[in-house]
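Chains as they are written, first to last, in this note's numbering: chain A, 2 to 21; chain B, 21 to 150.
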Amino acid sequence: IDSEDDLLQECISSAMPKKK
Amino acid sequence: PDSPLARWTKSLHSLLGDQDGAHLFRTFLEREKCVDTLDFWFACNGFRQMDLKDTKTLRVAKAIYKRYIDTSSIVAKQLKPATKTFIRDNIKKQQIDSAMFDQAQTEIQTSMEESPYQMFLTSDIYLEYV
Numbered sequence: 002i003d004s005e006d007d008l009l010q011e012c013i014s015s016a017m018p019k020k021k
Numbered sequence: 021p022d023s024p025l026a027r028w029t030k031s032l033h034s035l036l037g038d039q040d041g042a043h044l045f046r047t048f049l050e051r052e053k054c055v056d057t058l059d060f061w062f063a064c065n066g067f068r069q070m071d072l073k074d075t076k077t078l079r080v081a082k083a084i085y086k087r088y089i090d091t092s093s094i095v096a097k098q099l100k101p102a103t104k105t106f107i108r109d110n111i112k113k114q115q116i117d118s119a120m121f122d123q124a125q126t127e128i129q130t131s132m133e134e135s136p137y138q139m140f141l142t143s144d145i146y147l148e149y150v
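This is how it looks when you write it as structure tokens:
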């Protein structure tokens, strides 16, 4: 099971702009 | 004319929509000790895209609350008390909604637009990149 920090990091990363 | 740099100066939103722009702004905020505001802003966007039926979503809402709102972090300092109470009550009742962080995100965005974004556009980090 993922830790809280991992979940939060994953959530932030999912919203970051990707390289065009 | 529509270079990345021209877009960065157009609005905070266009700066954050560009990978290099967001990265450079993050470096600037780290130096200014307020990078939490940016991470919170992205966390709100990420949360909005999550599936409410997924049990992970409640855990992420709790993690965002614990990390940025129920602390003395710069995010909590910049939020209106009513906004924090609204989110706390939602978490307590386990009433998770995609828009539950929208008001908080708007408040943080407004405060970023007023100060750090303007400072960034005249900072050496930005000027060196240009």
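Just so it is clear, CB atoms sit at the ideal spot from N, CA and C, and this is done for glycine as well. Computed from a predicted model, the values in this text were never measured in an experiment.
Per-residue contacts from residue i into chain A (C-beta, under 8 Å)
i, result
"B/Q69", "S15 and A16"
"B/A63", "L9, C12, I13 and A16"
"B/A42", "M17 and P18"
"B/I84", "L9 and C12"
"B/D117", "Residues of chain A passing the Cβ test: none, with the nearest at roughly 16 Å."
"B/D59", "I13"
Neighbouring residues, chain A, relative to residue i (Cβ below 7 Å)
i, result
"B/V80", "L8, L9 and C12"
"B/K76", "L8"
"B/R87", "L9"
C-beta atoms of residue i and residue j nearer than 9 Å
i, j, result
"B/I145", "B/L44", "yes"
"B/L147", "B/T29", "no"
"B/F121", "B/F67", "yes"
"B/I89", "B/I116", "no"
"B/F60", "B/Q125", "yes"
"B/M139", "B/E50", "no"
"B/V150", "B/L58", "no"
"A/S15", "B/Q69", "yes"
"B/L72", "B/S23", "no"
DSSP three-state assignment for residue i, whether helix, strand or coil
i, result
"A/A16", "helix"
"B/Q125", "helix"
"B/G37", "coil"
"B/S131", "helix"
"B/C54", "coil"
"B/V150", "coil"
"B/T91", "coil"
"A/Q10", "helix"
"B/I145", "helix"
"B/A119", "coil"
"B/D71", "coil"
Boundaries (first-last residue) of the alpha helix (DSSP H) holding residue i
i, result
"B/R111", "Position check: residue 111 of chain B holds Ile in this sequence, whereas Arg was assumed. Element bounds for B/I111: P101 to K112."
"B/Q138", "P136 to F140"
"B/K76", "T75 to I84"
"B/L25", "P24 to K30"
Beta-carbon separation (whole angstroms), residue i vs residue j, contact threshold 8 Å
i, j, result
"B/C64", "B/P136", "B/C64 to B/P136, Cβ: 17 Å. No contact."
"B/V80", "A/L8", "5 Å"
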